[in-house]
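Mature numbering (1 follows the signal peptide of the UniProt record, and there is no 0) puts the sequence shown at residues -19 to -1, 1 to 119. Each residue gets a CB set at the ideal place from its N, CA and C atoms; glycine is no exception. Just so it is clear, the structure is predicted and the values come from calculations on it, not from any experiment.
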Amino acid sequence: MKKLIFGLVILAVVNSSCSSTKNLNVMNTLTQNSWVVNSLSGKQLDPSAYLKGLPSMTFGSDGKLTGSTGCNNFTGNFKLDGMSVKLDPGAMTRMACPGNGEADFLSAAQQVTNLKLNGNTLSLLNGADEVMSLIPKK
């Protein structure tokens, strides 16, 4: 019985460390890049629809989120728990922006519940549905 309990404790510790390592790897990948939005809801973005270039985000190791909506700059927070993520763009400059690009980006950001990393692509999801796709900024 003692061997069984000891084995279960070891298994729990190993499983916990794998989960922590995975979370750390995701955090490292997020924070080592600035990300440019490539698509919203599966549709490629048209750069001409954005006054200051495509929307972008930078994830700080301190949980800070900064970036551009393609028109205005924002600074806020994000919370990462495993593969679950919550984005809060927070404070934003208030320049008038033509078209719907900024509104579409902000609406998509509010829908994000989790993420997936596949090579150099960061997919921000709502469940299984891709809300936006990002690539590292060059």
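Check your understanding: Would DSSP call residue 117 helix, strand or coil?
Key -> Residue numbering aside, residue 117 sits at position 136 when the sequence shown is read from its first letter. Of the three classes helix, strand and coil, the one that applies to residue 117 here is strand, per DSSP.
Check your understanding: Are the Cβ atoms of residue 80 and residue 56 separated by less than 8 Å?
Key -> Taking the sequence shown and counting its residues from 1, one reaches residue 80 at position 99. Taking the sequence shown and counting its residues from 1, one reaches residue 56 at position 75. Their beta carbons are not under 8 Å apart, which means residue 80 does not touch residue 56 by this criterion.
**Study point:** Cβ shell of residue 28 (< 8 Å), same chain only, five flanking positions each side left out
**Key:** The residue labelled residue 28 in the question sits at position 47 within the sequence shown. Excluding residues within five positions, the ones whose Cβ falls inside 8 Å are 34 and 35.
Review point. Can you check whether the CB of residue 8 is closer than 8 Å to the CB of residue 115?
Key: For the purposes of this step, residue 115 is taken as the residue at position 134 of the sequence shown. For the purposes of this step, residue 8 is taken as the residue at position 27 of the sequence shown. Taking the C-beta atoms as reference points, residue 8 is found no nearer than 8 Å to residue 115.
Point to revise | Own chain residues within Cβ distance below 7 Å of residue 78, not counting five before or after | key: Looking up residue 78 in the sequence shown gives position 97. Cβ within range, chain order: 32, 52 and 53.
**Study point:** For residue 54, three-class secondary structure by DSSP
**Key:** If you number the sequence shown from 1, residue 54 lands on position 73. DSSP places residue 54 in strand when its eight states are reduced to three.
Review point. So, is the C-beta of residue 102 closer than 8 Å to a C-beta in chain C?
Key: Note that chain C does not occur in the displayed structure, where there is just one protein chain.
Review point. Can you tell me the Cα-Cα spacing of residue 119 and residue 13, whole angstroms?
Key: Along the sequence shown, read from residue 1 onward, the residue named residue 119 stands at position 138. Along the sequence shown, read from residue 1 onward, the residue named residue 13 stands at position 32. The alpha-carbon atoms of residue 119 and residue 13 are separated by roughly 12 Å.
Check your understanding: So residue 98 packs on residue 105, CB below 8 Å; how close in whole Å?
Key -> As a working note, residue 98 is residue 117 in the sequence shown. As a working note, residue 105 is residue 124 in the sequence shown. The beta-carbon separation of residue 98 and residue 105, rounded to 11 Å, does not stay under the 8 Å limit for a contact.
Exercise for review: State the start and end residues of the unbroken alpha helix (DSSP H) segment that holds residue 88.
Suggested key: Taking the first residue of the sequence shown as position 1, residue 88 is located at position 107. Here the alpha helix (DSSP H) through residue 88 covers 82 to 92.
Point to revise | Length of the line joining the Cα atoms of residue 109 and residue 44 | key: If you number the sequence shown from 1, residue 109 lands on position 128. If you number the sequence shown from 1, residue 44 lands on position 63. Here the alpha carbons of residue 44 and residue 109 stand approximately 24 Å from one another.
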